[in-house]
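Engineer:
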Amino acid sequence: MTAEEDQTNRLLTRTITTFRKVGKLYRRDQEIHRLRLVTRSELLAQLNSLGFKVHTLEGYGQLQFLLGHTGFVAHKT
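Per the numbering used here, residue 1 is the first one in the sequence shown, and the count goes up by one each step.
(1) Hey, F98 and V54: beta-carbon distance below 8 angstroms or not?
(2) Can you give me the Cβ contacts of L35 inside the same chain, cut-off strictly under 8 angstroms, excluding the 5 residues immediately before and after it?
(3) Would you mind stating whether L47 and A74 have Cβ atoms separated by less than 8 angstroms?
(4) Rounded to a whole number of angstroms, what is the C-alpha to C-alpha distance between Y60 and L67?
(5) Is DSSP giving L67 helix, strand or coil here?
Given below as structure tokens:
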């Protein structure tokens, strides 16, 4: 997996190469994921404007997110 961040356009591109065994041979696949990067406040505002009630998370259970990462739980009121 490789990741490339374009800070000017706020995009993250991940290229993922996987191999899986089929019989005696291996097949190679490649996926490209392009993600738009948004700030926590931008996403909260967007979800609120769509009628969602939102709670933020700093982690799941004992797993704490890395600095700059946030989890969201959103539901319609």
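Glycine is no exception: its CB is placed at the ideal position from the N, C-alpha and C atoms.
In this text the structure is predicted, and so the values were computed from the model without any measurement.
Structural biologist: Taking the definition as stated:
(1) In this structure the chain extends from 1 to 77, so residue 98 is not present and cannot be described.
(2) Taking the first residue of the sequence shown as position 1, residue 35 is located at position 35. Hits under 8 angstroms: L11, L12, T13 and R14.
(3) As a working mapping, residue 47 is identified with position 47 in the sequence shown. As a working mapping, residue 74 is identified with position 74 in the sequence shown. Yes.
(4) Within the sequence shown, residue 60 is the residue found at index 60, counting from 1. Within the sequence shown, residue 67 is the residue found at index 67, counting from 1. Answer to the nearest angstrom: the Cα atoms are 14 angstroms apart.
(5) To locate residue 67, count along the sequence shown from 1; it is residue 67. Note: L67 maps to coil in three-state DSSP.
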